[in-house]
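>
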Amino acid sequence: MLALLMLLGSRAFAGDWLAGAEKIANEAVIPGEAMPEARKKTWVPYVPASRLFSGEIPTEGWWPMEEETETGSVFRLLGSDSQSGAVRTVLSVRFYDKDTPGFTPIKQAVDLMRRGDKETKRTISPVRAVRVGLGLARTFEITETRRIPSDDGPSFEEELHHYVAVIPVGEAYYLMRLISSRAAYLDYREDFVRFMKSLRSLSR
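The opening position of the sequence shown corresponds to residue 5 in my numbering, with each subsequent residue numbered one higher.
1) Name, in chain order, the residues that DSSP records as bridge partners for arginine 80.
2) Taking Cβ positions, are lysine 201 and valine 136 nearer each other than 8 Å?
3) Work out the CA separation of histidine 165 and glycine 120 for me, nearest whole Å.
4) By how many angstroms is the C-alpha of phenylalanine 144 removed from the C-alpha of proline 130?
5) When the Cα atoms are used, what is the spatial distance from glutamate 70 to leucine 95?
6) Taking DSSP as the reference, what is the three-state secondary structure of alanine 169?
7) Let me know if serine 184 comes out buried or exposed under the rule of 16 or more other beta-carbons within 10 Å of its beta-carbon.
8) Roughly how many angstroms separate the alpha carbons of glutamate 72 and phenylalanine 199, rounded to a whole number?
9) Determine the direct distance from the alpha carbon of phenylalanine 57 to that of serine 77, and round the result to whole angstroms.
10) Are isoleucine 146 and arginine 132 closer than 8 Å when you measure CB to CB?
11) Count the other CB atoms, across all protein chains shown, that sit within 10 Å of the CB of tryptophan 66; report buried if there are 16 or more and exposed otherwise.
12) Kindly identify the DSSP beta-bridge partner or partners of phenylalanine 57.
13) So leucine 209 is in the beta strand (DSSP E); what residue range does that whole segment cover?
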């Protein structure tokens with residue numbers, strides 16, 4: 005009887021082992037085999053209340069908001085916090101024309117944004133032209149180190165990354181900027197590019 009129980013137990017164990025091995029084999033990734041595609045984001049048409057522009061925004065992971073400032077409307081998409089929790093990813097859009105207080109022509113504005121800063125270890129990539137819905141955008145990237153929070157009290161340094169796009173509309177222009185932690189900036193590149201290419205001007 006004992007021998008029979010041992011024989012049955014060994015068969016059950018062998019069956020479990022074979023089932024486990026089959027499961028592992030089925031889940032294994034074979035070199036050269038395509039990985040399952042990640043679920044793609046859903047994008048929807050969007051026009052802010054100010055009619056600053058029209059475009060597309062993702063339905064997940066970003067929260068749209070708009071506010072009025074001394075230089076006009078500013079649209080923002082609020083993303084997730086950095087790993088430290090001190091920096092929130094933000095994509096912003098502004099429009100500048102001759103009616104904007106303190107208007108700076110496009111070439112001068114780009115030169116000012118591209119100035120280096122030893123204090124923040126600021127580095128700037130070369131300007132690259134990108135074809136978008138509104139024409140030809142001037143794009144570049146900025147990396148800098150900021151002490152956060154910047155006011156008095158305990159603080160620490162965090163490396164930031166900026167995607168910047170300046171899109172001419174006649175003598176006026178849109179300024180798009182996406183600021184995030186340097187550690188996570190590649191996670192937002194596709195969102196920045198898609199939003200930039202979807203941007204359209206309304207009644208300008």
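All C-beta atoms in this analysis are idealised placements derived from N, C-alpha and C, irrespective of residue type, glycine included. Being a predicted model, the structure only gives us computed values, none of them experimental.
Based on what the coordinates show:
1) Along the sequence shown, read from residue 1 onward, the residue named residue 80 stands at position 76. In the DSSP output, where bridge partners are listed per residue, arginine 80 has Met69 and Ser96.
2) Numbered from 1 along the sequence shown, position 197 holds the residue referred to as residue 201. Numbered from 1 along the sequence shown, position 132 holds the residue referred to as residue 136. Yes, the pair counts as a contact, with Cβ atoms nearer than the cut-off.
3) Walking along the sequence shown from the start, residue 120 turns up at place 116. Walking along the sequence shown from the start, residue 165 turns up at place 161. In a straight line, the C-alpha of glycine 120 is about 14 Å away from that of histidine 165.
4) Looking up residue 130 in the sequence shown gives position 126. Looking up residue 144 in the sequence shown gives position 140. Whole-angstrom Cα-Cα distance: 6 Å.
5) In the sequence shown, counting from the first residue as 1, residue 70 sits at position 66. In the sequence shown, counting from the first residue as 1, residue 95 sits at position 91. Approximately 12 Å between the Cα atoms of the pair.
6) As a position in the sequence shown, residue 169 is number 165, starting the count at 1. Strand.
7) Within the sequence shown, residue 184 is the residue found at index 180, counting from 1. Counting Cβ neighbours within 10 Å, serine 184 comes out buried, since at least 16 surround it.
8) Numbered from its first residue, the sequence shown carries residue 72 at position 68. Numbered from its first residue, the sequence shown carries residue 199 at position 195. Answer to the nearest angstrom: the Cα atoms are 21 Å apart.
9) Within the sequence shown, the letter at position 73 stands for residue 77. Within the sequence shown, the letter at position 53 stands for residue 57. The straight-line gap from Cα to Cα measures roughly 11 Å.
10) Locating residue 146 in the sequence shown gives position 142, counting from the first residue. Locating residue 132 in the sequence shown gives position 128, counting from the first residue. Not in contact: isoleucine 146 and arginine 132 (Cβ atoms no closer than 8 Å).
11) Within the sequence shown, residue 66 is the residue found at index 62, counting from 1. Under this definition tryptophan 66 is a buried residue.
12) Stepping through the sequence shown from its first residue, residue 57 is reached at position 53. DSSP output for phenylalanine 57 lists no bridge partner at all.
13) This structure leaves residue 209 out entirely; the chain is present only between 5 and 208.
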